[in-house]
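*Asks:*
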Amino acid sequence: HKTIRWRYLTMATGITIILITIGYIKSERMGFELFPKIESDYAKVTAVLPFGTAFEKAQQVEKKLIQAAQEVSSQNGDKKLVEGIFSSIQDNTIEIRAYLTPPDVRPLPTADVTRRWREQVGVIPGLEYIKFESDAGGPGSGAALSVELRHQKMDLLERASADMAEALKFYPSAKDIDDGFSPGKQQIDFKIKPEAQSLGLEAREVARQVRHAFYGAEALWQQRGRNEVKVLVRFPRQERISEYSLEEMVLQTPKGTEILLRDAVYISRGRSYTDINRRNGQRIVTVTSDVTPRSQAGQILNSIKAETLPELQRKYPGLAYSFEGHQAEQKESMQSLFRGLLMAMIVIYAMLAVPLNSYIQPLIIMVAIPFGIVGAVIGHLIMGYSLSILSMFGVVALSGVVVNDSLILIDFANRRRRTGMTPLEAIQASGLHRFRPIILTTLTTFGGLAPMIFETSRQARFLIPMALSLGFGVVFATLITLILVPSFYIIIEDIKRLLIKNGNELKV
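Using this note's numbering, the letters of the sequence shown correspond one by one to residues 5 to 512.
Rendered as structure tokens:
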């Protein structure tokens, strides 16, 4: 009775709750992720060494990583953490997996084991990149942040990606940062001098003569039994392993003259690129980083979008960027989801408007939907979960459930009005007589979802966010329905009386 009496204050309070919830979500304090991070049954580390690194060096790094995992396991006394360790070395990449005991046996979750492993390893000199994973193989695995940089010039792109990686290091929650560049083997670069160009030498001709001298030029095919053997002519081995011999190599010019290689070209040392990726004709590189906790990825994303990336574009004119990986998938999924939610709202409105024979009453019934979202957010906060795309699936399903209680109230009030009751008497009677069935249906719905909400197994964690949205959303929306819907119902009647009164005054 009091909420109906103070109905405008009640409605204002409800709107305030919705605005506070929206503001809290927009502030990124709660965090949003595409999929919840589901911990794996093993901790994984991937270490990348420079190309051309000796196998012995890779074995030393592998040994250090394995020893660190064993030390982490031994720190828990009698409680065993690691059941076995798998390691492999392929080219310049080391991969190690520490298979853990079952979650109900070991004292630490996989994320804590991985964190301790990272701390135990510390800094290993000479690594190009190292990454620790506690969720390898799951739908939420992979880098939390992926920024794709684009530019025509490779050297500028390399510097921009390095600056981007350095900027990410200022965020404490950013881990396992990779600038996207993996330098290849050492190489010697040549640049033609103007004097050589005046003699008719071109870069292609210089490269051909150097290749013939060090790799070999085809001289003839020698018949040997039934097979033919290709005979190559090249410098003696002693001259092919000396950089001095390279610089003193004599080149033949198209004009028939001779010139030393060191006089024809500028010689410099560098490294080749292991791969060069392009998009729409521009060279690209992807800077990636994991974020712990994953829910803070949105805050870092907004920060680098507002500060770091504009600064890089000023420093490197022509630089373009886009967000890939989880960010691109999240944006696409949310757009599709909101389109589906909008269609669901239209269908629900139409299905309510036809039997009620009213354009206004469906809106009164659907007022509970936003408060179902508020309940979903509260449920995630209570249980310690971030919002995810699965949470939003639950919200879409919730929108079709929370209208049931409102529909029961409004339908009962309409039937009472047809018996001669006033709107106020009808809605009050509806609240009194429909209170028990509304509460019972809500409690049974939440009770059915409770086992999934409180389940701790790895398989169930994929569906827990959806169950949280449905369970807590139904409970909160029901409480709001019993308070807010009657107030809104009477406010609509107040507006009708006001319009009728103004209409009569105009006629007079």
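Ideal Cβ positions, reconstructed from N, Cα and C, are used throughout, including at glycine.
1) Three or more C-beta pairs under 8 Å: does that hold for the stretch 318-326 against the stretch 175-194?
2) Count the C-beta pairs between the stretch 469-479 and the stretch 417-428 that are closer than 8 Å, then say yes if the count reaches three, no if not.
3) Classify residue 437: buried if its beta carbon has 16 or more other beta carbons within 10 angstroms, exposed otherwise.
4) Considering residue 6, what are the terminal residues of the beta strand (DSSP E) in which it resides?
5) So the alpha helix (DSSP H) residue 439 belongs to, where does it begin and stop?
6) Between residue 225 and the ligand PLP, is the CB less than 7 Å from at least one heavy atom?
7) Which residues in the same chain have their Cβ closer than 8 Å to the Cβ of residue 370, if we skip the five residues on either side of it in sequence?
8) Once DSSP output is grouped into helix, strand and coil, what is the label at residue 545?
9) Check whether the stretch 93-101 and the stretch 65-78 touch, using three or more Cβ-Cβ pairs below 8 Å as the test.
10) What does the Cβ neighbour count give for residue 174, buried or exposed, with the cut at 16 atoms within 10 Å?
11) Beta-carbon within less than 8 Å of residue 15's beta-carbon, same chain only, minus the 5 sequence neighbours each way: which residues are those?
12) Go ahead and label residue 391 buried or exposed: buried means 16 or more other beta carbons lie within 10 angstroms of its beta carbon, across all protein chains shown.
13) Buried or exposed: which applies to residue 130, given that a residue is buried once 16 or more other Cβ atoms fall within 10 Å of its Cβ?
14) Closest to residue 328 by CA distance: which of 203, 137, 49, 154 is it?
15) Measure the C-alpha to C-alpha separation of residue 220 and residue 239 and round it to an integer number of angstroms.
16) Closer than 7 Å by C-beta to residue 224: which residues in its own chain qualify, once you throw out the five before and the five after it? Chain order, please.
17) Check the C-beta distance from residue 49 over to residue 100 and give it rounded, since I have them as a contact under 8 Å.
18) Can the beta-carbon of residue 196 be found less than 8 Å from the beta-carbon of residue 271?
19) The alpha helix (DSSP H) that contains residue 167, what's its start and end?
20) To the nearest angstrom, how far is it from the Cα of residue 433 to the Cα of residue 363?
21) Under 8 Å Cβ to Cβ from residue 256, same chain only, skipping five residues before and after it: list those, please.
22) Could you check whether residue 114 and residue 47 sit closer than 8 Å to each other, using their CB atoms as the reference points?
23) Can you list, in chain order, the residues of its chain with a C-beta nearer than 8 Å to that of residue 472? Leave out the 5 residues immediately preceding and following it.
24) DSSP beta-bridge partners for residue 98?
*Replies:* Walking through what the data contain:
1) The stretch 318-326 is not in contact with the stretch 175-194.
2) Result no; under three Cβ-Cβ pairs closer than 8 Å.
3) So residue 437 counts as exposed.
4) Premise fails: residue 6 lies in the alpha helix (DSSP H), 6-9, not in any beta strand (DSSP E).
5) Following the DSSP letters along the chain, one finds residue 439 inside the alpha helix (DSSP H) bounded by residues 427-457.
6) The ligand PLP is not among the ligands present in this structure, which contains no ligands whatsoever.
7) The beta carbon of residue 370 sits closer than 8 Å to those of 349, 352, 353, 356, 407, 410, all from its chain and outside the five residues before and after it, given in chain order.
8) Here the chain comprises residues numbered 5 to 512, so residue 545 is not present and cannot be evaluated.
9) Contact between the stretch 93-101 and the stretch 65-78 is present: 3 or more CB-CB pairs across the two stretches fall below 8 Å.
10) Result: exposed.
11) Around residue 15: 488, 491, 492, 495.
12) Buried is the call here.
13) Classification of residue 130: exposed, given that the 10 Å Cβ count is below 16.
14) Of 203, 137, 49, 154, the residue nearest in Cα terms is 154.
15) So the alpha carbons of these two residues sit roughly 8 Å apart.
16) Excluding sequence neighbours, residue 224 sits near 235.
17) Correct: roughly 5 Å between the Cβ atoms.
18) Taking 8 Å as the Cβ cut-off, residue 196 and residue 271 do not qualify as a contacting pair.
19) 158-172 is the extent of the alpha helix (DSSP H) around residue 167.
20) In a straight line, the C-alpha of residue 433 is about 23 Å away from that of residue 363.
21) Within its own chain, the residues whose Cβ lies closer than 8 Å to the Cβ of residue 256, once the five positions on either side in sequence are excluded, are 213, 262, listed in chain order.
22) Cβ atoms of residue 47 and residue 114: closer than 8 Å.
23) Same-chain partners within the cutoff: 380, 383, 384, 387, 389, 395, 398, 457.
24) According to DSSP, which records beta bridges pairwise, residue 98 is partnered with 51, 93.
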